[in-house]
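Here's the structure we're looking at; comments come further down.
2 protein chains.
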Amino acid sequence: VNGGISRERNHIMTTPKGKLLVAQAGGPTAVINQSLAGVVREARRQAPGLRVHGALRGVEGIIAQDLVHLSWVPADHLEQVALTPSAALLSTRDKPAAERCARIFETLKAHDVRWFIYIGGNDSADTLRIISEAARDARYELRCLHVPKTIDNDLVGHDHTPGYGSAARFVALAFAGANLDNRALPGVHLLVVMGRHAGFLTAASALGRVEADDGPHLVYLHERPFDTDRFLADVERCHRQHGRCVVAVSEGIADAQGMLLAKQLGRPVAHCPHGNPQLSGSGALGDMLAALVREKLALPRVRADTLGYLQRSFPGVVSDIDQAEARAVGEFAVRFALAGTLDGSVAIQRTADYAVDYQLLPLDLVAARTRRMPNEFIAADRNDVTGNFVSYARPLLGRGMPRLHRLRAASVKPRPLPIPAQSL
Amino acid sequence: VNGGISRERNHIMTTPKGKLLVAQAGGPTAVINQSLAGVVREARRQAPGLRVHGALRGVEGIIAQDLVHLSWVPADHLEQVALTPSAALLSTRDKPAAERCARIFETLKAHDVRWFIYIGGNDSADTLRIISEAARDARYELRCLHVPKTIDNDLVGHDHTPGYGSAARFVALAFAGANLDNRALPGVHLLVVMGRHAGFLTAASALGRVEADDGPHLVYLHERPFDTDRFLADVERCHRQHGRCVVAVSEGIADAQGMLLAKQLGRPVAHCPHGNPQLSGSGALGDMLAALVREKLALPRVRADTLGYLQRSFPGVVSDIDQAEARAVGEFAVRFALAGTLDGSVAIQRTADYAVDYQLLPLDLVAARTRRMPNEFIAADRNDVTGNFVSYARPLLGRGMPRLHRLRAASVKPRPLPIPAQSL
Chain D
646 VNGGISRERN HIMTTPKGKL LVAQAGGPTA VINQSLAGVV REARRQAPGL
696 RVHGALRGVE GIIAQDLVHL SWVPADHLEQ VALTPSAALL STRDKPAAER
746 CARIFETLKA HDVRWFIYIG GNDSADTLRI ISEAARDARY ELRCLHVPKT
796 IDNDLVGHDH TPGYGSAARF VALAFAGANL DNRALPGVHL LVVMGRHAGF
846 LTAASALGRV EADDGPHLVY LHERPFDTDR FLADVERCHR QHGRCVVAVS
896 EGIADAQGML LAKQLGRPVA HCPHGNPQLS GSGALGDMLA ALVREKLALP
946 RVRADTLGYL QRSFPGVVSD IDQAEARAVG EFAVRFALAG TLDGSVAIQR
996 TADYAVDYQL LPLDLVAART RRMPNEFIAA DRNDVTGNFV SYARPLLGRG
1046 MPRLHRLRAA SVKPRPLPIP AQSL
Chain L
646 VNGGISRERN HIMTTPKGKL LVAQAGGPTA VINQSLAGVV REARRQAPGL
696 RVHGALRGVE GIIAQDLVHL SWVPADHLEQ VALTPSAALL STRDKPAAER
746 CARIFETLKA HDVRWFIYIG GNDSADTLRI ISEAARDARY ELRCLHVPKT
796 IDNDLVGHDH TPGYGSAARF VALAFAGANL DNRALPGVHL LVVMGRHAGF
846 LTAASALGRV EADDGPHLVY LHERPFDTDR FLADVERCHR QHGRCVVAVS
896 EGIADAQGML LAKQLGRPVA HCPHGNPQLS GSGALGDMLA ALVREKLALP
946 RVRADTLGYL QRSFPGVVSD IDQAEARAVG EFAVRFALAG TLDGSVAIQR
996 TADYAVDYQL LPLDLVAART RRMPNEFIAA DRNDVTGNFV SYARPLLGRG
1046 MPRLHRLRAA SVKPRPLPIP AQSL
């Protein structure tokens, strides 16, 4: 599937009739506005004169007719916005059902929108799938293109997703710093990482390691059942070996019965409109695990930190690879939309180590489905990642990672001291 | 007080007898190794041939005779280490009492140490004060120099302290990102910032603002009593005005009776050897405040994040001003030590906007004392900082802060839509 267009046919079109609408949805990322800039600028290149509108707050803004003129935004301002994290068109968790989808149509038709590009994750792809089907049923000519965006890296069929590389860079650096801090003042440091249904972002903690005994010493992923006894035994062994222990934990870890650890806290877990539990925005899981380690192992200096929302919107910790790819998926969406005849999701495909190409996948493949970490990325002991994962993920963090160095210095020979009176 | 030396007499000395010992203590910072490199390299410049030792884990390593040869470390490796966050010589929370101080002496004497440079905060200055007095009582010729280091920025007599600028940069960026995220998906976002006894780091959250309605909309500092009812009224008003609310909270906030909010959680608070409560490494305070907002105000999407240890050791988010000043305080400590006759603490003094000089302060002035935010930095409403604070702190964040831009685009005129059947 390549969207029905040849990659060579990227000549300037005559201005097509109708308008192109773009919107953003779901949790923001550091590069989501690169995709927006890619859409707007590529539309200008491919079809000068084509009107491009943006909907505020995703489908919410379509229903409310909160639309803005993107054709009139100067290119240099688009580039400033592209470098700013978090959805510039604002976002939504709204997942419209049939009735509201009908309302979305009325607006699209009223504004003569013929191309709809939705930048979001698997839930947004599902919304787009519903709209695409409704358009077909209504015999309304509408191309629906999904531009991927998620720090969770959990889209089926995509090698990886824009937003992941920058979030992974943040996580890797956070753990590299936590590891150095923990070396200086040893103890047990648990850090909880985002990722509702997939462990990719937690796994990125391992990319901050430099030396063999660097943390994270233990990495617990959503993809393996979390066993409390095993966890405690792991921590104890690690602390005995290194005198300290840095642990990465997926917020989505669950026991063998699939029960979320975060739900075992005895407090109700809120849910978002898509039915996903709200795991972020609370330190409760980390605090519970820290209390467990304190109680059962009686180790000193047990701390828990939850990386929280910093992971997805921290300015200045951005992967250049991620930026470029987020831009490209926006650009390819416009090419597929204007020149092709198929709806779909624009997917990054790895063609070499490291090079990528872009492909159009059917919306069905991506919509409301979750890709998990493959087995080859998870260590047999269930408490670490593999070298295969490191090879897969390392290029996505981009260039210019800070280089970290331990001091290497020869020991001074001890000298004889008077024996202190009290030890005689 | 200028340490008894003229700034002009920085010529190369003949190699003095005895050794120089350097150590690091307390919570690590992103630039603490700049000070270490400054000490070692300046000692080489001022007194080629002088042996420089490093003690591992601060005074712990002196007692255990865990010393390393720093004279033999190549300059390029020192520079690599200088760019790496967190104490390269490792750290300690140990505050030795009289008996252990006697033991420290035996080691210093056995190794013929005549200059001791301790890189740390006000607790480390106090340790140094005790050692300095003990040396004087024992008529042992020993120069004791304190090199400041603390993200809390709470040293009396110092305009600001190395480590603060980089931590403040991290906090400002974290809030800038959280603000953009909260604009895209509105709600109440509480972020808890480090700072046991002083609000300087929490105040830095305000430095991430770009536009008038940017968060943090409310900033609660340790220096003002925290009133729960007032806090709830503030959040409600802010949410009514902006449809969202980003809040910065000092981990050290206390009520009018001086009772720490963190202690009101009904759980025991652990203490470090210096008697300070352990407030970091837990999300409990943020979670408690979030639960309060949810319960009393019934607002949607209430989240709490605790910035935790990331604030002090995150690689790559470093202020160039902070780096340069951390280097300079190490260098000045060596000059004061080798050429002067006084013990003391090397303090940054601001001479212009923005320029600094370095001064030697008596250890007594700094030791075990805490500087709090001055009144002129705190807004009358007790829930924000002033412009004076912004002017004071902004230069410390350094150059190259990411520029953040909101999308500015004209609205599309709504079009008439059919009235949906169900609303008739």
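Chains as they are written, first to last, in my numbering: chain D, 646 to 1069; chain L, 646 to 1069.
Here a beta-carbon is modelled for each residue, glycine too, at the ideal position from N, C-alpha and C.
Since the model is a prediction, treat every value here as computed from it, not as a measurement.
Query	Result
Span separating the alpha-carbon of Arg1048 (chain D) from that of Glu868 (chain L)	38 Å
Contact belief for Ala851 (chain D) with Val1035 (chain D) at Cβ below 8 Å, rounded distance in angstroms	6 Å
Within-8 Å CB hit, Val1057 (chain L) to chain D	yes
Close-in-space but distant-in-sequence residues of the same chain around Gly699 (chain D) (CB under 6 Å, 5 per side omitted)	Val667, Val713, Leu715 and Leu734
Residue-level contact to chain L via CB, Gln710 (chain D), 8 Å cutoff	yes
Selected residue, minimal CA-CA separation from Tyr809 (chain L), among L:Arg995, L:Leu790, L:Ala692 and L:Gln956	L:Gln956
Residue interval of the beta strand (DSSP E) (run including Gly694 (chain D))	Run containing Gly694 (chain D): none; DSSP gives neither H nor E here.
Own chain residues within Cβ distance below 7 Å of Thr996 (chain D), not counting five before or after	Asp1002
Of the listed residues D:Pro730, D:Leu723 and D:Leu877, nearest to Ile677 (chain D) (C-alpha basis)	D:Pro730
Reduced DSSP secondary structure (H/G/I, E/B, other) of Ile764 (chain D)	strand
Inside the stretch 773 to 859 of chain L only - alpha helix (DSSP H) runs reaching at least 4 residues	809 to 829 and 845 to 848
Reduced DSSP category for His722 (chain L) - H, G, I as helix; E, B as strand; rest coil	helix
Distance, Ala823 (chain D) Cα to Ile764 (chain L) Cα	20 Å
Uninterrupted alpha helix (DSSP H) stretches inside the stretch 992 to 1024 of chain D (no shorter than 4 residues)	1008 to 1011
Under 7 Å from the C-beta of Val713 (chain D): neighbouring residues of chain L	Ala1054, Ala1055, Ser1056 and Val1057
Where the beta strand (DSSP E) through Asp950 (chain D) begins and ends	Val947 to Thr951
Residue environment, Gly694 (chain D), which counts as buried when at least 16 other CB atoms sit within 10 Å	exposed
Closer than 8 Å to chain L by CB, Asp859 (chain D)	no
Cβ pair count under 8 Å reaching 3, the stretch 792 to 802 of chain D against the stretch 765 to 775 of chain D	yes
Neighbour flag for Ser958 (chain D) against chain L, beta carbons, 8 Å	yes
Of the listed residues D:Ala973, D:Asp872 and D:Ile1064, nearest to Leu625 (chain D) (C-alpha basis)	As shown, chain D starts at 646 and ends at 1069. That puts residue 625 (chain D) outside it, with no answer to give.
Cβ pair Thr1015 (chain L), His842 (chain L) closer than 8 Å	yes
Closest by C-alpha distance to Val1057 (chain L), when choosing among D:Arg702, D:Val697 and D:Asp859	D:Val697
Assigned secondary structure, Ala943 (chain L) (DSSP; H/G/I helix, E/B strand, else coil)	coil
Contacts around Thr806 (chain D), its chain only, beta-carbon distance under 6 Å, and the 5 residues preceding and following it disregarded	Pro793, Thr795, Asn798 and Leu800
Short CB-CB distance (under 8 Å) between Ile739 (chain D) and chain L	Here residue 739 (chain D) turns out to be Asp, not Ile, going by the sequence shown. No, because no Cβ of chain L sits closer than 8 Å to the Cβ of Asp739 (chain D).
Terminal residues of the beta strand (DSSP E) in which Ala714 (chain L) lies	Correcting the residue type first, residue 714 (chain L) is His in the shown sequence and not Ala. His714 (chain L) -> beta strand (DSSP E) spans Leu712 to His714.
Cα-Cα separation between Arg980 (chain L) and Arg784 (chain L), rounded to whole angstroms	22 Å
Chain D residues whose Cβ lies nearer than 8 Å to that of His867 (chain L)	Correct list: empty, because the minimum Cβ distance to chain D is about 20 Å.
Residues that Ala969 (chain L) contacts on chain D, provided the C-beta gap is smaller than 7 Å	The premise fails here: Ala969 (chain L) is roughly 18 Å from chain D at the closest Cβ pair, so nothing lies under 7 Å.
Buried versus exposed call for Glu1021 (chain L) [16 or more other C-beta atoms within 10 Å across all chains shown]	exposed
Selection from D:Leu866, D:Leu681, D:Val962 and D:Asp1026 that minimises the alpha carbon distance to Asp900 (chain D)	D:Leu866
Proximity test, Cβ basis, 8 Å: Gly975 (chain D) and chain L	no
Contacts around Arg1039 (chain L), its chain only, beta-carbon distance under 7 Å, and the 5 residues preceding and following it disregarded	Leu852
Beta bridge counterpart(s) of Gly663 (chain L) as assigned by DSSP	Gly663 (chain L) pairs with nothing; no bridge assigned.
Residue-level contact to chain D via CB, Pro730 (chain L), 8 Å cutoff	yes
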